[in-house]
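Data block below; observations after.
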Amino acid sequence: HSRKGVQYIDGFQDEDGCPDEKPEIVLEVKKPIALDGIYFRSGSAELDPNSESILDKVFETLNDNPDIEVEIHGHTDNTGGADLNRRLSQKRAESVKAYLVDKGISATRMTAKGFGPDRPIAPNDTPAGRAKNRRIEFYRIK
Numbered sequence: 001h002s003r004k005g006v007q008y009i010d011g012f013q014d015e016d017g018c019p020d021e022k023p024e025i026v027l028e029v030k031k032p033i034a035l036d037g038i039y040f041r042s043g044s045a046e047l048d049p050n051s052e053s054i055l056d057k058v059f060e061t062l063n064d065n066p067d068i069e070v071e072i073h074g075h076t077d078n079t080g081g082a083d084l085n086r087r088l089s090q091k092r093a094e095s096v097k098a099y100l101v102d103k104g105i106s107a108t109r110m111t112a113k114g115f116g117p118d119r120p121i122a123p124n125d126t127p128a129g130r131a132k133n134r135r136i137e138f139y140r141i142k
């Protein structure tokens, strides 16, 4: 399932059109990939433990391809102030980076960036749209 050129993987057995299995993560240069299933508690940058299985797939891809460098983009919906959301999205991207560093990926291969509510991929006028906008994207730069 994709929207506006962003691929989604959700890891849930259902009929939403997103792959249910966590396939090998393929990072193409300059093409963002959003990973559904990377969740945070509301207003928090602490990773939900259920996110780890998807991040472990990212780890495997980065570990198997030591030449790959990525930007980790954090995004929020438009609920709350834009400045607060930019800081929160930055902290969330940094949490994902820290998880991958803890697993053994060099911090020099990853850059964390927070965009707050500035790059929505869905309308923010429904709960489902806001949920899609609260996301982490990986963007391969090398």
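Residue numbers (the numbering used here): 1 to 142.
Every residue, glycine too, gets a C-beta built ideally from N, C-alpha and C.
Residue interval of the alpha helix (DSSP H) (run including residue i)
i	result
residue 111	That residue, residue 111, is in no alpha helix (DSSP H); its beta strand (DSSP E) goes 110-114.
residue 130	127-133
Heavy atom of the ligand HEM within 7 angstroms of residue i beta-carbon
i	result
residue 137	With respect to the ligand HEM, the structure shown offers nothing to examine, as it has no ligands at all.
Simplified DSSP state of residue i, which is helix, strand or coil
i	result
residue 119	coil
residue 141	coil
Rounded separation between residue i and residue j - CA only
i	j	result
residue 97	residue 104	11 angstroms
residue 133	residue 76	6 angstroms
residue 26	residue 45	25 angstroms
residue 70	residue 79	28 angstroms
residue 22	residue 57	A caution first: residue 22 carries a pLDDT of 49, below 50, which makes its placement in the model unreliable, though a value can still be read off. Distance between the alpha carbons of residue 22 and residue 57 is about 8 angstroms.
residue 119	residue 49	26 angstroms
residue 155	residue 31	Any property of residue 155 remains undetermined from this structure, which presents the chain solely from 1 to 142.
residue 106	residue 53	19 angstroms
residue 129	residue 99	27 angstroms
residue 81	residue 67	38 angstroms
residue 92	residue 125	23 angstroms
Whole beta strand (DSSP E) elements within the region 24-109, 3-residue minimum: 32-34, 70-75
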